[in-house]
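Peer 1: Per numbering that gives the first Met the number 0, the sequence shown starts with residue 0, numbered consecutively. Note that CB positions come from ideal geometry on N, CA and C, so glycine has one too.
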Amino acid sequence: MRRKSIGFLKSSKKLLKKIRHDIEEQTGARWLEMAGEPAGIISQSEEEMEWIVGHIAPLVAVEPHFSWQRNSIYLRFGHRDFQKGSSLSEITKNYDLKTADCFAIGDSYNDTEMLDPAHAGMIACPANAVAAIQQKVTMYGGVVAKASHGYGSIEAINHFFC
Numbered sequence: 000m001r002r003k004s005i006g007f008l009k010s011s012k013k014l015l016k017k018i019r020h021d022i023e024e025q026t027g028a029r030w031l032e033m034a035g036e037p038a039g040i041i042s043q044s045e046e047e048m049e050w051i052v053g054h055i056a057p058l059v060a061v062e063p064h065f066s067w068q069r070n071s072i073y074l075r076f077g078h079r080d081f082q083k084g085s086s087l088s089e090i091t092k093n094y095d096l097k098t099a100d101c102f103a104i105g106d107s108y109n110d111t112e113m114l115d116p117a118h119a120g121m122i123a124c125p126a127n128a129v130a131a132i133q134q135k136v137t138m139y140g141g142v143v144a145k146a147s148h149g150y151g152s153i154e155a156i157n158h159f160f161c
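1. Under a three-way DSSP split, which group does Tyr108 fall into?
2. For Phe76, name the three-state secondary structure that DSSP assigns.
3. Taking 9 Å as the cut-off, decide whether the C-beta atoms of Ile122 and Asp115 are in contact.
4. Is the CB-CB distance between Asn70 and Asn109 below 9 Å?
5. Runs of 4 residues minimum, wholly inside the segment 34-96: which ones carry the alpha helix (DSSP H) assignment?
6. Should Cys161 be labelled buried (16 or more other beta-carbon atoms within 10 Å of its own) or exposed?
7. Check for me: the alpha helix (DSSP H) holding Ala131 runs from which residue to which?
8. Roughly how many angstroms separate the alpha carbons of Ala56 and Phe76, rounded to a whole number?
9. On the DSSP bridge list, what partners appear for Ala123?
10. Once you ignore the five residues that flank Ala119 on each side, which residues in its own chain have a CB closer than 7 Å to its CB?
11. Please classify Lys135 as buried or exposed, where buried requires at least 16 neighbouring CB atoms within 10 angstroms.
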């Protein structure tokens, strides 16, 4: 897995350089980088992040392993195969669990992959989840809690386990 990640970083340098140039030239967002890790972006607002996502989507579409995870004004680039959904499936496999017995709850864009029947049989979101997450949970027959934040999580846990 580590080798796959290192290969991804090497093959993505040119694309990340282009994205960084565009972001620094056209927005007030901050570019973040740490050694051995893909880059990230912190925008100044949700609206600015919407613009950034719209701008980078066609750029990354041509790179089959390139993806990003977004949560509000934060965005982190990474390998398409390394995200919350694939991590949940890996845990399921390692502990010999059934996907139908797995529970996942999320509230933002970075939870998108995890909130899928391919990774969890029980999915939910709190009332404060972004609209796209609420729609996805509803589409798959999951629970959109009436309560927000932690209370929404408790509500969802009670729904599935009590």
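Peer 2: According to the structure data:
1. For the purposes of this step, residue 108 is taken as residue 109 along the sequence shown, with counting starting at 1. Looking at Tyr108 - three-state DSSP - the assignment turns out to be helix.
2. The count along the sequence shown starts at 1 and reaches residue 76 at position 77. Correct three-state label for Phe76: strand.
3. Sequence index remark: in the sequence shown, residue 122 carries index 123 (1-based). Sequence index remark: in the sequence shown, residue 115 carries index 116 (1-based). Yes, they are a contact pair.
4. Here the question's residue 70 lines up with position 71 in the sequence shown. Here the question's residue 109 lines up with position 110 in the sequence shown. Result yes, Cβ atoms of Asn70 and Asn109 sit closer than 9 Å.
5. Qualifying alpha helix (DSSP H) stretches, in chain order: 45-59, 83-93.
6. Against the sequence shown, residue 161 aligns to sequence position 162. Note on Cys161: under 16 other CB atoms within 10 angstroms of its CB, so exposed under the neighbour-count rule.
7. Residue numbering aside, residue 131 sits at position 132 when the sequence shown is read from its first letter. Residues 130-138.
8. As a working note, residue 56 is residue 57 in the sequence shown. As a working note, residue 76 is residue 77 in the sequence shown. Looking at the two C-alpha atoms, the distance is approximately 12 Å.
9. Taking the first residue of the sequence shown as 1, we reach residue 123 at position 124. DSSP lists Ile104, Val142 as partners of Ala123.
10. As a first step, residue 119 is located in the sequence shown; it is residue number 120 there, counting from the start. When the five nearest sequence neighbours on each side are left out, the beta carbons in the same chain lying within less than 7 Å of the beta carbon of Ala119 are those of Leu87, Thr98, Cys101, Phe102, Ala103, Met113, in order along the chain.
11. Position 136 of the sequence shown, counting from 1, holds the residue named residue 135. Lys135 is classed as buried because its beta carbon has at least 16 other beta carbons within 10 Å across all chains shown.
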